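For the sequence shown, our numbering gives the first residue as 9, with consecutive numbering after it.
To keep things clear, I will list the structure first and then write my remarks on it.
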Amino acid sequence: MRIEIWADVVCAWAYIGKRRVETALAGWEGESVEVVWRPFRIDPMAPAESLPMAEVLQDPVVDAALQQCAPGMSPAENRLRVSEIAAAEGLGPRWGAAWRANTQAAHRLIALAYASGGAALQDAVVEGVLRAHFIDALDIGLADTLAAVAERAGFPQGPELLASGAGEETVRELLLRGKAIGVKTSPTLVVGGKALAGAHSPAHITELLRGAAGSVTRELPAEVERFRHSEALLELGDPLGCLTLLGPLMREFADDRNVRLLAARAYFHSAQLGRARATLEPLVAETPDDSYAQLLLGRVLKRQGLGAEAAPHLRMASAMTPEYKS
9 MRIEIWADVV CAWAYIGKRR VETALAGWEG ESVEVVWRPF RIDPMAPAES LPMAEVLQDP
69 VVDAALQQCA PGMSPAENRL RVSEIAAAEG LGPRWGAAWR ANTQAAHRLI ALAYASGGAA
129 LQDAVVEGVL RAHFIDALDI GLADTLAAVA ERAGFPQGPE LLASGAGEET VRELLLRGKA
189 IGVKTSPTLV VGGKALAGAH SPAHITELLR GAAGSVTREL PAEVERFRHS EALLELGDPL
249 GCLTLLGPLM REFADDRNVR LLAARAYFHS AQLGRARATL EPLVAETPDD SYAQLLLGRV
309 LKRQGLGAEA APHLRMASAM TPEYKS
């Protein structure tokens with residue numbers, strides 16, 4: 009069984025949640041469990057160069073945003089509350105981030121650790137990154153900080169891999185996959201298709217494991233899962249994300265009608281009308297009785313200002329499927 013922990017390493021609850029998962033697993037008597045960390049960004053607008061947290065907290069916009077995290081408490085009161093909870097989980101004695109850091113490189117290091125050495129190495133890297141940020145007050149946006157974390161974790165090749173740009177595509181795709189499956193909170197635990205959002209108690213985590221252990225989940229082929237995630241991103245209003253995930257399928261299954269049609273939809277919704285038209289015209293020629301492809305091609309042509317060319321496709325679509333009639 010596998011637990012996926014979708015979390016950002018600048019999220020205090022991710023570190024607290026890590027300890028609670030460890031406590032739950034220490035008392036778990038069921039089948040073996042692999043814990044895999046996946047990326048999430050709670051601060052996607054963090055600058056490339058880290059800023060001192062003391063300076064960030066003086067910004068009234070940041071102060072107002074933090075008020076939403078714990079209504080009824082000041083940001084300072086909330087930070088004290090979280091530090092007390094962290095201390096109860098054995099984290100400290102010093103607690104608190106000193107830097108507003110961009111976590112892209114840290115997420116890359118974590119993903120690369122899993123690819124290079126599996127869950128145990130990844131866990132050591134995650135622990136090192138979280139400790140550096142919350143306990144040692146280091147800037148995890150710096151290559152030197154991450155290099156030291158990697159060395160202590162037994163991942164000496166980590167710094168060289170980071171410097172080469174490795175892991176960028178992996179993290180980008182994982183962030184999109186998290187969005188596609190509905191991850192909205194750090195941390196979110198996903199086991200066997202069931203999700204638990206937040207840093208819940210070990211008892212709650214154990215219940216999640218029991219529920220997953222008692223259910224049978226059919227593992228989909230990787231390409232089917234990728235297609236479904238791409239489709240979900242389009243439904244969520246992210247056509248560019250859809251195209252990013254769909255890219256490998258477009259290369260490997262270039263003749264697959266479903267892949268081509270989904271790509272055409274994503275092109276249309278991202279205003280890439282030339283690409284949408286170039287994809288749809290052969291589809292319509294191959295199967296003129298596909299009312300949806302006719303409709304979409306008509307809409308593309310209409311948006312291109314080609315009303316006369318659009319009209320036959322729109323008429324045919326509405327004749328075959330009356331609800332398409334505008």
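Backbone N, C-alpha and C fix where the C-beta goes; we use that ideal spot for every residue, glycine too.
Keep in mind it's a predicted model, so treat the numbers as computed, not measured.
Rounded straight-line distance, which links the Cα of residue j to that of residue i
i	j	result
Gly100	Ala140	11 Å
Ala318	Ala262	26 Å
Gln165	Met9	29 Å
Trp21	Ala15	9 Å
Arg177	Ala96	The sequence as given places Glu at residue 177; Arg does not occur at that position. When rounded, the distance between both Cα atoms is 37 Å.
Asp51	Arg108	9 Å
Glu92	Gly104	11 Å
Tyr332	Ala240	22 Å
Gly219	Ala203	11 Å
Ser238	Leu254	6 Å
Gly313	Arg307	10 Å
Glu181	Asp67	32 Å
Thr225	Arg87	40 Å
Ala174	Gly249	20 Å
Ala230	Ile189	15 Å
Gly206	Val133	21 Å
Gly186	Ser172	25 Å
Gly98	Gly245	42 Å
Ala156	Thr193	29 Å
His212	Gly201	16 Å
Pro3	Leu309	Here the chain has residues from 9 to 334 only, and residue 3 is not among them.
Gly125	Pro167	15 Å
Asp4	Ala158	Residue 4 is absent from the model: the chain starts at 9 and stops at 334.
Phe163	Glu135	13 Å
Arg236	Ser278	19 Å
Val64	Val70	7 Å
Ala94	Ala106	16 Å
Glu260	Ala84	53 Å
Enclosing beta strand (DSSP E) for residue i [first to last residue]
i	result
Leu197	196–199
Arg46	42–47
Glu333	Glu is not the amino acid found at residue 333; the sequence shown has Lys there. Where Lys333 is concerned, there is no enclosing beta strand (DSSP E), given that its DSSP letter is neither H nor E.
Ile13	10–15
Ala203	202–205
The alpha helix (DSSP H) enclosing residue i, as first and last residue numbers
i	result
Ile189	Run containing Ile189: none; DSSP gives neither H nor E here.
Ala95	83–96
Leu291	281–294
Ala274	265–277
Pro167	166–171
Ser299	299–311
Glu215	210–221
Leu138	112–142
Gly249	247–260
Beta-carbon proximity list for residue i, same chain, < 8 Å, skipping 5 on both sides
i	result
Tyr122	Val44, Trp45, Leu129, Gln130
Val292	Asp298, Ala301, Gln302, Leu305, His321
Leu138	Val17, Ala22, Tyr23, Lys26
Trp36	Thr214, Leu217
Reduced DSSP secondary structure (H/G/I, E/B, other) of residue i
i	result
Pro55	coil
Leu150	coil
Pro60	strand
Leu99	coil
Trp21	helix
Arg226	coil
Neighbourhood of residue i by C-beta distance below 6 Å, restricted to the same chain and skipping five residues each side
i	result
Thr31	Pro210
Leu251	Ala274
Glu12	Val44, Arg46, Val198
Contact set for residue i: own chain, Cβ-Cβ below 7 Å, skip 5 residues either direction
i	result
Thr287	Arg268, Ala271, Ala272, Tyr275
Val90	Ala20
Leu170	Ala113, Arg116, Leu117, Ala151, Leu154
Arg49	Asp16, Thr111, Leu183
Val191	Trp14, Phe48
Leu146	Ala140, Thr153
Ala221	Met9, Gly38, Glu39
Ser223	Gly200
Leu354	Outside the modelled stretch of the chain, which goes from 9 to 334, sits residue 354, for which no answer is possible.
### Segment contact, 8 Å Cβ cut-off, at least three pairs: the stretch 57–69 with the stretch 26–36
These segments do not touch.
### Query
How do the stretch 316–330 and the stretch 298–307 stand: do at least 3 beta-carbon pairs fall below 8 Å, yes or no?
Result yes; three or more Cβ-Cβ pairs closer than 8 Å.
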